[in-house]
Amino acid sequence: MNSSINLNQINIKALRYYVDVCHQKSFSVIARKENVSVSVISRTISQLEDVLGISLLYRNTRSVLPTEAGVIFLQTAQKILEMLDRSLQELHNNTEEVQGLVRINAPLSFTRHHIMPYLAELKLKYPKLQLALTQSDTYIDPHQQGTDLIFRIGSLTDSTLRARILSVVNYALFSSPDYLRTHGTPVDLDDLKSHERILFKGHLGVETWFVQQDDNLQRIDLPVSFTVNDGDSLLAAAESSMGIAMLPDWLACQSVKNGKLIPIMTDHKWCIRAKPIHIAMIYPNVQNLPCNVRAVMDYFIEKYQIGW
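Be aware that the sequence shown starts at -8, since it is given in the working numbering, and climbs by one per residue.
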């Protein structure tokens, strides 16, 4: 890298082009997005390479990939752009009043437990804010369905969207005090064989139970007495002594606090898939996030920092 770089020669637009090209692995996709020619994108990044004195990209007819130095610079470029966007947004926030419509979409059970209880306070904080809330447990495209902020629980896959991770979901086994008094409390995997198991059945099918054994996941295959396709109904089934359920922390927390559920076999680590499951706020990949959307995001980030 050139040790005598003149920072005045680094073009912010070139940084944005470079970051976007690295994410999409294509000049043409970014050219269409920016409504410019492919040659403009390529030439702008070439000028950035000249200023830095390094090659940032491998170019061929099929794809565009960052070089080893390009990967390192990508991290720096992203941080620069994020800091710049944040600073500019703070300037806007100082001059703009939080108002107007924010369209939110969230899963049904999560809405009931962790969004609805906070909306009245949010409206008191920002009286001119308008909220439109829809609920769905399946994926939606915010660009196609006109949504500003999406709460989702799962693995993040869509690279065209931005996401703020709020929490990693932890799972455990729960049942009611009455059920455990009647059937006994299991302490190991063999004990589970004599118990009623209740499962969630979503759009991907019936959830699978896994337990961590050393560095491996062991699948738990036991008879199932009840399945349900709604998180609140699964919670209610466990509370009403229908059996043992594997529940996420965000769903079971209040029932544990009020004594309706008891966590069991807590010395085991439970999950429903190998990949971590996140609770995240997802929003369109725009350069300037509207002030009202940012305010709603910041509000929920503050609320969830204290845990469930």
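Cβ atoms here follow ideal geometry from the backbone N, Cα and C, with glycine treated the same way.
Asked: Three-state class that DSSP yields for K119 in the structure shown; Found: coil
Asked: Contact check, L110 vs A68, beta carbons under 7 Å; Found: no
Asked: Proximity of L190 and V215 at Cβ, strictly below 7 Å; Found: yes
Asked: Start-to-end residues for the alpha helix (DSSP H) that takes in S37; Found: 29 to 43
Asked: Inter-residue spacing [alpha-carbon to alpha-carbon] between N(-1) and D41; Found: 13 Å
Asked: Through-space distance from D11 to A154, alpha-carbon basis; Found: 16 Å
Asked: Touch test, the region 70 to 84 against the region 121 to 130, Cβ-Cβ under 8 Å, three pairs minimum; Found: no
Asked: CB of I270 within 7 Å of CB of I141, strictly; Found: no
Asked: Residue range of the unbroken beta strand (DSSP E) whose run includes Y49; Found: 48 to 50
Asked: Whole-angstrom C-beta distance between T257 and A163, which should lie under 8 Å; Found: 6 Å
Asked: As assigned by DSSP and simplified to three states, the class of S224; Found: helix
Asked: Sheet register partners of Q213 (DSSP bridge); Found: The identity of residue 213 in the sequence shown is Leu, whereas the question assumes Gln. DSSP lists no partner for L213.
Asked: Those residues which DSSP pairs with Q60 across a bridge; Found: Here residue 60 turns out to be Ala, not Gln, going by the sequence shown. The partner list for A60 (beta bridge, DSSP) is empty, contrary to what the question assumes.
Asked: 8 Å contact criterion, which W241 and F101 should meet: CB distance rounded; Found: 7 Å
Asked: Reduced DSSP category for A5 - H, G, I as helix; E, B as strand; rest coil; Found: helix
Asked: DSSP-derived helix/strand/coil call for W200; Found: strand
Asked: Residue range of the beta strand (DSSP E) that includes Y130; Found: Y130 -> no beta strand (DSSP E), and no H or E assigned at all.
Asked: Beta-carbon proximity list for Y8, same chain, < 7 Å, skipping 5 on both sides; Found: I21, I32, T35, I36
Asked: Distance, V55 Cα to P168 Cα; Found: 59 Å
Asked: Close-in-space but distant-in-sequence residues of the same chain around T58 (CB under 7 Å, 5 per side omitted); Found: S46, L47, L48, Y49
Asked: Cα-Cα separation between G196 and P118, rounded to whole angstroms; Found: 42 Å
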